[in-house]
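Each residue of the sequence shown is one higher than the one before, starting from 6 at the first, in my numbering.
The structure appears below as structure tokens.
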Amino acid sequence: MFETFAGIILASAMTLLWGLAAFIVSGLPYTKNNRRFKRWKTVLLWISYIALALAALWLFLVLGWYIRKGWLFVEGTMKAVIPLMLIGHLPVVTHTLPKVRSLRESTGERLAAAALVELTHPMTVIPIYAAAVVSGMNAFSHIFAQPVLPTLAELVQRLLLLVVLLLVPSFFAMKTYRKVLRGNFVPSPLWRRLLKFGLAGGLTAVVVIAVIVVNVLAGVSSSKLPEASDMMNHHLMDEGGGAPTLLSGGHAMHRNHSSGGEVAALTGDVSAPADIKFELVAQQKEITLASGATIDAWTYNGQLAPELRVRQGDMVEVKLVNQDIDKGVTIHWHGYNVPNAMDGVPGMTQNVVKPGQSFTYKFRAKQAGTYWFHSHQQAAEQVIKGLFGTLIVDPKNETGVYDEEFTVVTHRWETDRGYKTAFGDQDQAQTKQVAPGRKIRLRIVNTHNLSQKYMLQGVDYRIVSIDGVDIQEPDRLPDSTAFRLASGGRYDIAFTMPDHPVLFKLGEGKHDGKPSLLFDTDTRSQTESPSFEAEFAWFDPSQYGKAVVNGTTSAVKFDREFTMILGNKMGFYNGKFHFLWTINGKVHPNTPTFVVKEGENVKTTFVNRSLTEHPMHLHGHHMTVLKKNGKPVKTPWMTDTLNVLPGETYEVAFIADNPGMWMDHCHNLDHAATGMILHLMYDHVQPSYEVGTRSGNLPE
6 MFETFAGIIL ASAMTLLWGL AAFIVSGLPY TKNNRRFKRW KTVLLWISYI ALALAALWLF
66 LVLGWYIRKG WLFVEGTMKA VIPLMLIGHL PVVTHTLPKV RSLRESTGER LAAAALVELT
126 HPMTVIPIYA AAVVSGMNAF SHIFAQPVLP TLAELVQRLL LLVVLLLVPS FFAMKTYRKV
186 LRGNFVPSPL WRRLLKFGLA GGLTAVVVIA VIVVNVLAGV SSSKLPEASD MMNHHLMDEG
246 GGAPTLLSGG HAMHRNHSSG GEVAALTGDV SAPADIKFEL VAQQKEITLA SGATIDAWTY
306 NGQLAPELRV RQGDMVEVKL VNQDIDKGVT IHWHGYNVPN AMDGVPGMTQ NVVKPGQSFT
366 YKFRAKQAGT YWFHSHQQAA EQVIKGLFGT LIVDPKNETG VYDEEFTVVT HRWETDRGYK
426 TAFGDQDQAQ TKQVAPGRKI RLRIVNTHNL SQKYMLQGVD YRIVSIDGVD IQEPDRLPDS
486 TAFRLASGGR YDIAFTMPDH PVLFKLGEGK HDGKPSLLFD TDTRSQTESP SFEAEFAWFD
546 PSQYGKAVVN GTTSAVKFDR EFTMILGNKM GFYNGKFHFL WTINGKVHPN TPTFVVKEGE
606 NVKTTFVNRS LTEHPMHLHG HHMTVLKKNG KPVKTPWMTD TLNVLPGETY EVAFIADNPG
666 MWMDHCHNLD HAATGMILHL MYDHVQPSYE VGTRSGNLPE
């Protein structure tokens, strides 16, 4: 992250300095006497030297990225930005600055004619303008147009943009130079020069606006999503360097392949009767938080975060009924590896459930642990408004005995009093009476779009499960250890109640207004609370407990290897202007589709070059984390939602053992809503549904 912001600062500083240098070099021919000329020439040279030093520092920064983090972190910068920077700066170094240094003051009061010719020569002036423009393009690339896997056409477009932006200054420079050659150059007063400079700037702005308008019109048109398509409608099939799949011959070949099964048929074995049944009614309801703030919520069964609790091995049946959610709803079982037809993604695994309709999910509860469920229909809106709940699966053979369990669901609500973060409907401090010696299990679920920081103080504790997967031999963590939970992620923590209060807290400190849970003993006053201090350490799952051992951790070679470079840029999505979050430089539906065969060992590399975190969530599978920032982790662990921070890389792997069509996306749902989505496709599976406004299936 430091390198990213350092790059932005350096590129912005270069732009400012070269812009100032361009202003000065344009004014040098108008200096009234040699004394002023000498002064401004010195200023110009020093500004140029400083700007060049910053350019060299920026280049070393990029090289440092390459050495420490590898090619994927800098490939777009190396291909798209560095060539432009060289084009803009080399003429300054090789021609402009040597010419300016060689200019001597005349013996008279005015500049010598020969010096004036050299000073107004376009090759003296334009390179400094070019350096300013490419520095600005560099800064823009860091923030608004990050190049990721740029094509040759995109590289040429940047070069053409540089030429277009230099047209106006080149015209004025040539005009001044011709006047000097003809001998009719007369220094104009300052106000005329400022007017001329303003005119040049205005014309350049017109050119820029014209370029923007052309891009806007093209972006609005090309970004509109089709009214209807199936999830196979991709022209970018990535086979990860593995053996050819049924899709190698193209879309039509796959559609005509007679042995392929449709998504709708991938229900798993549901012939056995249900051991437990639930009904969830999607409905609108006004909910009041503990503080008195009210929410116009969309709920299941009129509750905030209802809990479904089953036992491992149960055949579970859940009937979803849509009472009054106009846009339709589904249920996706987040982190639970159900058969594909039960995954709850509209347009991919089912049709959306419209008002008055129902859909029944049925699956065998094979995994124990803490999970959650939510609507995947326009999820950025529906999850925020409350269409989610928890799924707790108790182990068939309980190995750890807990006297009490608490489920804590963190969410950020939009209320009549503004945004409020709460544990369920509790947006204030809570107190729970617990006797000393009791064994406590906290199941923590983060449904907010951003990762959240938690602390448990007053007792040492253990993190016993991550995303529903038990940690073997979990170490004891001191209460000075904080942990951060990704959006969509779950941690289970365990501790034994001491004879004094214990405080579980969201956020930075005791009095920051964030919700908390005070565990108090029966023998003490509820007003008594433990001292709350800043953390001294952060929990790191890559160095905790016993390493996971499975087919991915022992693999020497993988059947397929995919890369997901996470970036950002300004652009259009479905006809509207957005700050876009990209995968490999593209947004859905132009992101690649990863194609695998059943039974293969698959590796994915995440590279976060963007300005924020991305909790990457793969449906239908758990990923095993193998490497972080290019180095093997000490204790590989399994997760379904991996938070990749800016500047980080991860290598994860999974066994392709759950056939179907699966979403793989950022679980900051605002990011997914503007295209940070791709699909994992088993090569023998065919679509059963369509996505788009025609069907009303709008997954995100």
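Glycine is no exception: its CB is placed at the ideal position from the N, C-alpha and C atoms.
- Taking the Cα positions, G273 is about 15 Å away from W667.
- Counted as a single uninterrupted DSSP element, the alpha helix (DSSP H) harbouring V30 occupies residues 7-32.
- Inter-residue distance for G604 and R565 is about 11 Å (C-alpha atoms, whole angstroms).
- When the alpha-carbon of M142 is set against those of L208, G24, T156, the nearest one is in G24.
- Looking at the backbone, the Cα of T395 and that of I87 are separated by about 49 Å.
- Around the beta carbon of L683, 16 or more other beta carbons sit within 10 angstroms, so the residue counts as buried.
- Inclusion of G463 and P506 in the CB contact set at 9 Å is warranted, their separation being smaller than that value.
- Boundaries of the alpha helix (DSSP H) harbouring F42: 39-74, taken from the DSSP string.
- The three-state reading of DSSP puts A385 in helix, counting H, G and I together.
- Within the same chain, Cβ atoms closer than 6 Å to the Cβ of R489 are found at S456, K458, the five residues on either side in sequence being excluded.
- Counting only residues of its own chain and dropping the five nearest sequence neighbours on each side, L616 has a CB closer than 8 Å to the CB of T9, I148, N573, P651.
- Going by DSSP, T181 is part of no beta strand (DSSP E) but of the alpha helix (DSSP H) stretching over 172-187.
- When secondary structure is reduced to three states using DSSP, P692 falls in the coil class, being assigned neither helix nor strand.
- Following the DSSP letters along the chain, one finds P620 inside the beta strand (DSSP E) bounded by residues 619-623.
- Linking R44 to L102 through their CA atoms gives a straight-line distance of about 15 Å.
- Scanning T125, V105, T293, V350 for the CA closest to the CA of A178 turns up T125.
- If you look at S140, you'll find it in the alpha helix (DSSP H) that goes 127-148.
- By alpha-carbon distance to V315, the top candidate from Q288, G333, L325, K367 is K367.
- Collapsing the DSSP output to three states places N589 in coil.
- Counting C-beta atoms within 10 angstroms of its own C-beta, V439 has 16 or more neighbours from the protein chains shown and is therefore classed as buried.
- Annotation: the continuous beta strand (DSSP E) that includes G572 extends over 565-578.
- Here V554 is exposed: its Cβ has fewer than 16 other Cβ atoms, across all protein chains shown, within 10 Å.
- Under the DSSP assignment, A346 falls outside any beta strand (DSSP E); it carries neither an H nor an E label.
- Between G550 and Q477, the CB-CB gap stays under 9 Å.
- Note that the stretch 411-430 touches the stretch 297-308; at least 3 beta-carbon pairs, one per stretch, sit closer than 8 Å.
- By the Cβ criterion, the stretch 334-349 is not in contact with the stretch 216-236, since fewer than three pairs of Cβ atoms, one from each stretch, lie closer than 8 Å.
- Around the CB of I133, 16 or more other CB atoms lie within 10 Å, so the residue is classed as buried.
- In the three-state DSSP reduction, F541 falls in the coil class, being neither helix nor strand.
- With fewer than 16 other Cβ atoms from the protein chains shown falling within 10 Å of its own Cβ, P483 counts as exposed.
- The residue from E291, L252, V323 with its alpha-carbon nearest to that of K282 is V323.
- DSSP links F364 through a beta bridge to L325.
- Secondary structure at I476: coil, using DSSP grouped into helix, strand and coil.
- Pairing D669 with Y305, the inter-Cα distance amounts to about 25 Å.
- A direct Cα-Cα distance of roughly 54 Å separates V212 from K510.
- Between the C-alpha atoms of K608 and E410 there is a straight-line separation of about 36 Å.
- Scanning V343, M347, L294, Q435 for the CA closest to the CA of R417 turns up L294.
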